[in-house]
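Here the structure comes first, spelled out in C-alpha cells, and everything after it is commentary.
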Amino acid sequence: GAAALASAAVAAEEEAKEQQLQRVRAEAKMVLRSILEMTLDPSADRGAALEASMVDAKKSMGRVKEQMISRSRVRIEEDREAQRDLDAEIRSIKASQEAIQFAVAQSSFGVSAADYSSHLDGMSARGAPKANQAAAAAPAANPAAASSGDGGSSSRPSSRPSSRPSSSGGVRDT
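First residue of the sequence shown: 4, per my numbering; consecutive thereafter.
See below:
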C-alpha cells in the first residue's frame with residue numbers, strides 16, 4: 004500500500020518534470036525558428052533581432068541544462084536512498100541469521116550466550132566470516148556432539164552404521 008503510493012507519487016513527479024522539460028524544449032525550438040525567420044527576412048534589422056534571439060536561445064538552453072542537472076541530482080539522491088534502504092535490509096538479514104545460528108548452537112550443543120558471544124568476538128578478531136561462526140562455535144563447545152553426527156569427517160569413528168557403499172557394492176558397517 005505505502006510503497007505503491009510512494010511509487011505513484013514519484014511517477015507523478017517524474018511526469019511533471021518531463022512536461023516542464025518538454026515546454027522548455029518547445030520554447031527553445033520557437034526561439035531558433037524565430038532566428039531562422041529573421042535571417043531569411045530581408046526587411047528586418049538583422050543585427051539587433053539576431054542578437055536578441057541569440058540571447059533568448061542561450062537562456063532557453065541554460066534552462067534545459069538546469070532541468071537536466073536537477074533531474075540527475077534527484078536520481079542520484081534517490082539511488083543513495085535506495086542504497087541506504089538496501090544496506091539496512093542487509094544488516095537486518097545478517098542480524099536475523101546470527102540470531103538463528105545462536106539458537107541452533109544453543110539448542111543443539113548447549114552453548115551459553117556468553118560462550119557464543121565470546122566465540123564470535125574471537126572469530127571476528129581473526130577475520131573469519133560470520134556465517135561460519137555458529138558452526139565453529141558449536142563443535143568447540145561440545146566435541147562429542149560434533150563427532151557423532153558429522154558424516155564421518157571426524158578422526159574418531161562414528162557409533163552409527165554408515166550407509167556409504169563399500170568397494171564390493173554392499174553397505175558396510177563402521
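In this text, a Cβ means the ideal position worked out from N, Cα and C, and glycines have one as well.
Remember, it's a predicted structure, so these values are computed and weren't measured experimentally.
Near residue i, what residues of its chain come up, given a Cβ to Cβ distance below 7 angstroms and the 5 sequence neighbours on each side ignored?
| i | result |
| --- | --- |
| residue 31 | 60, 63, 64, 67 |
If distances are taken between C-alpha atoms only, which option among the options comes closest to residue i?
| i | options | result |
| --- | --- | --- |
| residue 55 | 70, 69, 37, 72 | 37 |
| residue 121 | 105, 110, 111 | 105 |
| residue 57 | 16, 7, 39 | 39 |
| residue 20 | 71, 80, 53, 11 | 71 |
| residue 73 | 11, 12, 23 | 23 |
| residue 78 | 16, 6, 109 | 16 |
| residue 69 | 103, 110, 27 | 27 |
| residue 6 | 108, 85, 80 | 85 |
| residue 9 | 81, 25, 53 | 81 |
Considering only residues of the same chain and omitting the five flanking positions on each side of residue i, which have a CB-CB separation below 6 angstroms?
| i | result |
| --- | --- |
| residue 133 | Here residue 133 scores only 49 on pLDDT, less than 50, and its place in the model is too uncertain to base an answer on. |
| residue 18 | none |
| residue 12 | none |
For residue i, which residues from the same chain have a beta carbon less than 8 angstroms from its beta carbon, with the 5 sequence-adjacent residues on both sides left out?
| i | result |
| --- | --- |
| residue 34 | 56, 59, 60, 63 |
| residue 88 | none |
| residue 75 | none |
| residue 14 | none |
Exercise. Could you give the uninterrupted runs of the alpha helix (DSSP H) lying entirely in the segment 23–91, keeping only those of 4 residues or more?
Worked result: Segments of the alpha helix (DSSP H) lying fully in the segment 23–91: there are none.
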